[in-house]
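Right, one structure below, let's go through it.
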Amino acid sequence: MVQRTCKVCQLPFDFRGGSPMCSDACLSRWEQLRANVYRAIVVPARKDFDTAVEEFDKDPESYNMSKREFKLQLTARLNEARELHSRFLESSHPIEFVQNELSEHADEILGEAQ
Numbered sequence: 025m026v027q028r029t030c031k032v033c034q035l036p037f038d039f040r041g042g043s044p045m046c047s048d049a050c051l052s053r054w055e056q057l058r059a060n061v062y063r064a065i066v067v068p069a070r071k072d073f074d075t076a077v078e079e080f081d082k083d084p085e086s087y088n089m090s091k092r093e094f095k096l097q098l099t100a101r102l103n104e105a106r107e108l109h110s111r112f113l114e115s116s117h118p119i120e121f122v123q124n125e126l127s128e129h130a131d132e133i134l135g136e137a138q
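With this note's numbering applied, the sequence shown closes on residue 138, and no number is skipped along the way.
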């Protein structure tokens, strides 16, 4: 057996392959955190993209750029949100990542079980 540190509670445990979490409770907490980060970061960026494109279509002249340029800017913002989500998924300490990198969303993401 190999000693590992649980991704969620940060306690050492005997890793036997499979999940990098030490218990069903930590696995459940990880699934909750993962979903909350996605909802807090990626979903709003996707909605902003869709809303902004609709607004652009209503009055394209007011933007002083082509629709293609506008979409490229929006896509860059969406990609930043996706990249941040990926960094969260790869983090060895996701709760600390939320507290440091996503502090403005920490209460929403971490909920009651901090």
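All C-beta atoms in this analysis are idealised placements derived from N, C-alpha and C, irrespective of residue type, glycine included. Bear in mind that the values here come from a model prediction, so they are computed numbers and not experimental data.
Starting from residue i, trace the beta strand (DSSP E) in both directions and tell me its first and last residue.
| i | result |
| --- | --- |
| P36 | P36 to F39 |
So what does residue i bridge to, in DSSP terms?
| i | result |
| --- | --- |
| T29 | P36 |
Going by other Cβ atoms of all chains shown within 10 Å of its Cβ, with 16 needed for buried, is residue i buried or exposed?
| i | result |
| --- | --- |
| V122 | buried |
| L126 | buried |
| L134 | buried |
| R53 | buried |
Terminal residues of the continuous alpha helix (DSSP H) containing residue i?
| i | result |
| --- | --- |
| P118 | P118 to E125 |
| A69 | V67 to K82 |
| A100 | K91 to E114 |
Comparing C-alpha positions only, which one of the options sits nearest to residue i?
| i | options | result |
| --- | --- | --- |
| L113 | V66, R28 and F39 | V66 |
| C50 | Q34, A64, G41 and F73 | Q34 |
Quick one: residues in its chain with C-beta nearer than 6 Å to the C-beta of residue i, no 5 flanking neighbours on either side, listed in chain order?
| i | result |
| --- | --- |
| T60 | It should be noted that the sequence gives Asn, not Thr, for residue 60. If we look at N60 and ignore the five residues flanking it on each side, its Cβ neighbours are I133. |
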